[in-house]
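Residue numbering for the sequence shown is 2 to 192, as defined by my numbering. Where a beta carbon is used, it is the ideal one built from N, C-alpha and C, also for glycine. Please read the structure below before turning to the comments.
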Amino acid sequence: MSFEEEGFTEYVYKIIVVGIGVDFAHKDIQLDKKTRIRVQLWDIGGQERTQKMTRVYYKEALGAIIVFDVTRTDTFKSVKLWKEDIDNQVRTIDDKPIPVILIANKIDLVDEENSGWDQDDEEMEQYCEDNNFIKFYKTSAKTAFNVPESIEYLSKYILKNGIRHEKILGTRITDEDFEETRKKRSNNNCC
2 MSFEEEGFTE YVYKIIVVGI GVDFAHKDIQ LDKKTRIRVQ LWDIGGQERT QKMTRVYYKE
62 ALGAIIVFDV TRTDTFKSVK LWKEDIDNQV RTIDDKPIPV ILIANKIDLV DEENSGWDQD
122 DEEMEQYCED NNFIKFYKTS AKTAFNVPES IEYLSKYILK NGIRHEKILG TRITDEDFEE
182 TRKKRSNNNC C
């Protein structure tokens with residue numbers, strides 16, 4: 002969604018993240034002197050036991066990031082299930098799936114002998130193409146390698162392709178709304 006004020010345009014995007022465990026975060030991206038994107042990252046976790054609960058957090062998302070841990074190959078097995086769930090639950094205003102990128106995290110810990118990670122870039126690019134991911138990144142949350150780049154890529158993709166969600170057109174999601182939701186979620190001791 003965009004807001005224009007004195008020649009300045011601000012876009013606010015909600016992006017869901019599966020699997021990094023940070024709950025909520027903001028990322029501001031300055032495209033040029035007159036255009037800024039504020040990205041709201043909503044980490045919904047990656048455990049199968051929370052999958053049904055997290056669908057409520059899909060609402061109004063314009064993009065998604067699915068993260069798996071290269072040091073735990075079992076996490077890659079859930080990627081396809083999460084992608085299918087997102088594709089089935091979150092649609093754009095023109096009834097298309099939202100854009101999703103795939104992230105292989107903890108790439109800084111890859112040791113040819115011990116990590117269990119044996120996928121080369123070509124195999125992963127093919128996997129992404131076969132499963133309708135828009136991009137693949139290898140990242141390190143520890144060193145921040147490729148983390149900002151992946152978020153910026155998805156945000157720019159959303160802007161360039163005019164991705165919109167019907168329910169948020171004309172509605173501004175404020176920082177206060179964001180913090181209120183964060184407090185409600187942190188006070189929920191059910192899990």
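**Prompt:** By how many angstroms is the C-alpha of D88 removed from the C-alpha of D70?
**Reply:** 22 angstroms
**Prompt:** Taking C-beta to C-beta, are Y154 and I102 nearer than 8 angstroms?
**Reply:** yes
**Asked** By the 10 Å Cβ neighbour count, where 16 or more other Cβ atoms means buried, how is Q41 classified, buried or exposed?
**Response** buried
**Message:** Going by DSSP in three states, Q90 sits in which element: helix, strand or coil?
**Reply:** helix
**Prompt:** Is the stretch 144-158 touching the stretch 118-128 in the sense that three or more CB pairs, one from each, lie closer than 8 angstroms?
**Reply:** no
**Request:** Classify G163 as buried or exposed, calling it buried when 16 or more other Cβ atoms lie within 10 Å of its own Cβ.
**Result:** exposed
**Asked** What is the DSSP secondary structure of P100, counted as helix, strand or coil?
**Response** coil
**Message:** Short of 7 angstroms in beta carbon distance, which residues of its chain neighbour F77, apart from the five on each side in sequence? Order them along the chain.
**Reply:** F69
**Item:** Span of the alpha helix (DSSP H) around L42
**Value:** Unbroken run through L42 is the beta strand (DSSP E), 36-44; no alpha helix (DSSP H).
**Prompt:** Since R165 contacts I94 with CB under 8 angstroms, what's their CB separation in whole angstroms?
**Reply:** 5 angstroms
**Request:** State the start and end residues of the unbroken beta strand (DSSP E) segment that holds V68.
**Result:** 64-70
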